């Protein structure tokens, strides 16, 4: 596993599986237990909600080579039960912060 990590979070908005918007947090240097206390305001048409999903990836920043994927979670109407619950809560409480823990999936 990792001895040290420089993690950051990358968020992609997907419409019909196509990447349309990307946001990133700042990098937390040398941390295996980072806290990302950042918010993103993402706007997309409500009528396209079933075709929209968020891919949230935790990455390890590498100064010399390629950044490495630590794990990710996908939020959308076609995700797993925990993710769908969070997805619905975000729309039920629009314009309010909605936080929830998720298990990252290893995508290798």
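In the numbering used here, the protein residues as written are -12 to 95. Beta carbons: idealized from backbone N, C-alpha and C, even for Gly. In this text the structure is predicted, and so the values were computed from the model without any measurement.
Check                                                                                                : Outcome
To the nearest angstrom, report how far apart residue 20 and residue 14 are at their CA atoms.       : 12 Å
At the level of alpha carbons, what is the spacing between residue 67 and residue 49?                : 31 Å
Nearest to residue 5 by CA position, among 41, -7, 22, is which residue?                             : 41
Tell me whether the beta-carbon of residue -6 lies closer than 8 Å to the beta-carbon of residue 61. : no
Are residue 7 and residue 27 closer than 8 Å when you measure CB to CB?                              : no
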